[in-house]
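Chain order of the listed sequences is A and B. Counting the first sequence from 1 gives a position; the numbering used here is that position plus 71. Counting the second sequence from 1 gives a position; the numbering used here is that position plus 15.
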Amino acid sequence: MTDLQVSDLHVCFEGAVPAVIATAGADGTPNITYLSRVRFVDSERIALSNQFFSKTARNLAENPRASILVIDPHTYDEYRLTVVYERTDRRGPVFERLHTDVEALKALGGAASVFKLRAADIYRVLHIESVPKRPLQGEPGDPPNVGEASAAQLADLTARLSRCADLDTLVSATVDGLAELFGYQHSVLLLLDEMGTKLYTIASRGYEEQGVGSEVVVGEGIIGMAAARGAPIRLGNLRQMVKYGQTVVRRSSADDPSAIRDIPVPILPKVQSRVAVPALALGQLVGVLVVESEQLVAFDANDEALLTIVASVVANAIEAERTRAQTTVASGETAARAPAPVSSAATHVRFYTADGSTFLDGDYLIKGVAGRILWCLLRQYEDEGRSDFSNREVRLDPSLELPEFRDNFESRLILLKRRLDERDSPVRIEKTGRGRFRVVVESALRLESVD
Amino acid sequence: MLSAETKDFLESGCALIVATVSSSGEPFATRGWGLFVIDEGRVRLLLDERDERALADLRHGGRVAITAAHVPTLHSLQMKGRFVRSEPADDRDRQKVMDYCDNFFTDIENTDGQPRRLLERLVPEGYVACELVIEEFYDQTPGPGAGASLVQP
């Protein structure tokens with residue numbers, strides 16, 4: 072072994088630049104192919120996922136030696152590893168790490184049956200050679216670790232979150248604090264729905280469209296996968312992974328139809344790196360916190376750890392707020408009569424009773440519980456001239472079809488408020504006190520319910 | 016043996032990775048920097064002149080494998096064959112390297128987003144042209160069919 076250690080090449084194993092493996096059969100015929108992923112095992116070993124490379128596997132059975140090329144994505148320093156096959160793992164921590172990689176490919180590629188990890192092949196590294204290259208002009212590539220945090224910064228964020236008096240402020244303070252204190256310019260916070268099957272976007276920062284109300288099915292995609300596994304997923308080579316996944320899917324006949332979403336989840340157009348961290352409180356999934364970057368391998372294990380702490384703080388705060396909201400008696404200002412509409416042009420509100428889908432002047436707004444809340448409020452506004460409501464009375468309306476346990480009413484109300492604000496709608500929701508809010512309508516309404 | 020389409024593919028800016036084997040059976044991975052199809056069974060491959068190990072393997076009668084991969088789609092073809100002769104790269108070869116790198120790096124920039132100034136660090140200073148006889152072809156595109164033998168690509 073030279074002075075270079077396997078641990079020095081950590082960033083090369085993030086999969087940003089495809090690695091290369093050369094093997095040779097017993098008759099001296101070589102074989103060369105790309106690798107979907109190389110993983111660090113320990114100071115002397117690496118692991119390769121055994122998915123498709125059958126010729127490579129046959130060669131290694133005859134001749135255990137291999138030559139591997141890896142590249143540092145930030146500098147394009149290239150290294151040649153001389154390795155010898157040592158063993159195959161079909162369970163254990165190394166297998167699980169590679170299994171997660173393959174699951175992520177599955178989540179991005181969409182064809183579940185094609186991506187299957189057969190085994191994790193473990194190789195001992197005999198020698199590492201730095202391949203000669205030209206001098207680096209200017210600064211290295213993407214600066215990694217935007218989220219390098221100090222305890223003081225973390226304390227600052229938790230203090231900001233602790234001062235939030237309601238859920239609306241809390242979710243905004245989370246995405247704003249991540250950007251202002253740690254440099255995570257693109258983040259999304261999603262909460263688990265009442266049935267525990269979907270996540271919906273409650274706040275985002277750094278995207279052209281906020282995507283409030285967009286949904287992800289638990290178990291689908293990288294975000295859904297983090298929720299289902301209750302463990303962070305960190306990827307630094309999304310474009311490469313998507314390309315690889317799509318190629319494999321094209322080559323198979325097992326293409327799955329992709330899910331159709333009403334509102335697109337916020338996503339960077341040229342996203343390369345993503346960390347999705349489950350937000351857990353008292354052992355229960357509350358939501359998922361996501362950060363993204365257009366830089367290659369922008370996040371490392373430190374970011375993952377930091378975001379796990381933040382997600383946990385947020386999850387516990389949300390749970391505390393939900394408990395308080397369900398037990399606190401409403402207080403604050405009241406107004407019995409609805410203010411007169413400002414605009415005379417009537418807004419057409421079409422509500423579908425089947426799933427709560429609601430459209431304003433033909434444009435999709437929201438569905439589900441949030442849609443039913445809006446319909447309930449606007450009906451009372453029109454029929455009774457009411458504009459002021461308390462959370463407690465509205466949540467008792469059976470037409471909302473809220474579950475008795477963990478009804479998420481406050482989250483859904485905030486989702487609705489943010490969605491109305493995002494769409495610059497003539498209908499708004501304003502908080503008027505603890506557990507109270509007002510519906511502000513700036514145009515005449517034409518309500519239509521469709522069975 | 017090679018279709019016009021395959022010839023165009025191999026001579027384009029596709030990623031070229033190369034394996035050689037020493038007389039003791041030790042494989043070696045390196046990169047190619049451009050390729051000409053001479054005729055149906057022969058190619059002229061440009062290697063880094065500092066790749067002493069690969070050149071020694073080839074000159075000692077070792078066999079060679081070359082995988083060519085289209086960067087945007089990962090459509091890949093592996094060729095296996097043997098070394099015939101080598102010579103220092105000439106002006107046409109050097110022009111080929113320049114064209115190859117331009118196409119290859121453009122594809123990577125557009126598809127994967129890596130900046131060209133980093134990619135250019137990999138470019139060697141000098142080259143050796145190796146004439147190779149190609150005897151076998153394999154589909155190497157990632158997926159369940161990777162490694163399938165091709166009679167006439």
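We put the beta carbon where it would ideally sit given N, CA and C, even for glycine.
In DSSP terms, what residue i is bridged to
| i | result |
| --- | --- |
| N479(A) | Note: N479(A) sits in no beta bridge, so no partner. |
| C29(B) | Paired residue(s): none; C29(B) is not in a bridge. |
| R499(A) | V511(A) |
| P42(B) | V36(B) |
| H90(B) | For H90(B), which the question treats as bridged, DSSP gives no partner whatsoever. |
| Y435(A) | F430(A) |
| A425(A) | According to DSSP, A425(A) bridges with nothing at all. |
| K95(B) | A80(B) and E151(B) |
| I150(A) | The question names Ile, but residue 150(A) in the sequence shown is Tyr. Paired residues: V141(A) and S201(A). |
| N102(A) | T94(A) |
| G284(A) | DSSP output for G284(A) lists no bridge partner at all. |
| I117(A) | F111(A) and Y194(A) |
| I304(A) | A347(A) |
| A416(A) | Note: A416(A) sits in no beta bridge, so no partner. |
| G47(B) | L62(B) |
Status (buried if at least 16 other CB within 10 Å, exposed otherwise) for residue i
| i | result |
| --- | --- |
| G163(A) | exposed |
| V289(A) | buried |
| M312(A) | buried |
| Q93(B) | buried |
| P349(A) | buried |
| A230(A) | exposed |
| D371(A) | buried |
| Q129(B) | buried |
| T398(A) | exposed |
| E392(A) | buried |
| A303(A) | It is worth fixing the name first, because residue 303(A) is Pro in this sequence and not Ala. P303(A) comes out buried. |
| S233(A) | exposed |
| L353(A) | exposed |
| A330(A) | Reliability fails at A330(A), whose pLDDT of 35 lies under 50, so the model's placement of it is uncertain and no value is given. |
| Q366(A) | buried |
| T82(B) | buried |
| M113(B) | exposed |
| R205(A) | exposed |
| T127(A) | buried |
| P42(B) | buried |
Chain B contact residues for residue i, given Cβ-Cβ distances below 7 Å
| i | result |
| --- | --- |
| V319(A) | P157 and G158 |
Beta-carbon neighbours of residue i, restricted to chain A and to distances below 7 Å
| i | result |
| --- | --- |
| R78(B) | G99, T100 and P101 |
| F98(B) | Residues of chain A passing the Cβ test: none, with the nearest at roughly 12 Å. |
| V33(B) | I103 |
| R136(B) | Y147, K204, R205 and L207 |
| F43(B) | A93 and S138 |
C-beta contact flag for residue i and residue j at 7 Å
| i | j | result |
| --- | --- | --- |
| D192(A) | L119(A) | yes |
| E256(A) | E493(A) | A small correction: the amino acid at residue 256(A) is Gln; Glu does not occupy that position in the sequence shown. Not a contact, by the Cβ cut-off of 7 Å. |
| I294(A) | A347(A) | yes |
| E375(A) | V342(A) | no |
| E200(A) | R136(A) | no |
| V52(B) | L147(B) | no |
| L60(B) | L73(B) | no |
| G40(B) | D122(B) | no |
| T418(A) | D434(A) | no |
| G96(B) | E26(B) | no |
| A386(A) | L241(A) | no |
| V202(A) | E149(A) | yes |
Interface partners of residue i on chain B, CB under 9 Å
| i | result |
| --- | --- |
| Y452(A) | Chain B residues near Y452(A): none, gap ~50 Å exceeds 9 Å. |
| P203(A) | D63, R65, P139 and E140 |
| R189(A) | Under the 9 Å cutoff, chain B gives no residues; its nearest Cβ is about 12 Å from R189(A). |
| Q256(A) | By Cβ distance, chain B contributes nothing, its closest Cβ being about 17 Å from Q256(A), past 9 Å. |
| Y150(A) | Ordered by position in chain B, no residue passes the 9 Å Cβ test against Y150(A), which lies about 11 Å from the chain. |
| I15(A) | In this structure chain A extends from 72 to 522, so residue 15(A) is not present and cannot be described. |
Contact list for residue i against chain A, beta-carbon separation under 8 Å
| i | result |
| --- | --- |
| F24(B) | The premise fails here: F24(B) is roughly 15 Å from chain A at the closest Cβ pair, so nothing lies under 8 Å. |
| Q173(B) | Lying outside 16 to 168, the shown extent of chain B, residue 173(B) is not represented and no answer is given. |
| S104(B) | As written in the sequence, residue 104(B) is Ala, which differs from the Ser given in the question. The premise fails here: A104(B) is roughly 17 Å from chain A at the closest Cβ pair, so nothing lies under 8 Å. |
Closer than 9 Å at the beta carbon, the chain A residues around residue i
| i | result |
| --- | --- |
| E146(B) | Per Cβ cutoff of 9 Å: no residues; E146(B) is ~18 Å from chain A at best. |
Check: Is the segment 437–451 of chain A in contact with the segment 482–497 of chain A, if contact means three or more CB pairs nearer than 8 Å?
Finding: Yes, the segment 437–451 of chain A touches the segment 482–497 of chain A.
Check: Below 8 Å, can you find three or more Cβ-Cβ pairs linking the segment 462–472 of chain A to the segment 511–521 of chain A?
Finding: No, because fewer than three Cβ pairs between the segment 462–472 of chain A and the segment 511–521 of chain A fall closer than 8 Å, the two stretches do not touch.
Next item on the list: Could you tell me whether the segment 98–110 of chain B touches the segment 131–145 of chain B, using the rule of 3 or more Cβ pairs below 8 Å?
Entry: yes
Notebook entry, point to check: Are there three or more Cβ pairs, one per stretch, closer than 8 Å when the segment 132–140 of chain B is compared with the segment 76–90 of chain A?
Noted result: no
Check: Just checking, does the segment 27–35 of chain B make contact with the segment 56–73 of chain B on the three C-beta pairs under 8 Å criterion?
Finding: yes
Check: For the 8 Å Cβ check, are there 3 or more pairs between the segment 89–96 of chain A and the segment 106–113 of chain A?
Finding: yes
Check: Any chance the segment 143–150 of chain A sits against the segment 261–275 of chain A, with 3 or more Cβ pairs inside 8 Å?
Finding: The way I'd put it, the segment 143–150 of chain A doesn't touch the segment 261–275 of chain A; fewer than three beta-carbon pairs between them come closer than 8 Å.
Next item on the list: Count the CB pairs spanning the segment 220–227 of chain A and the segment 306–321 of chain A that are closer than 8 Å, and state whether there are at least three.
Entry: no
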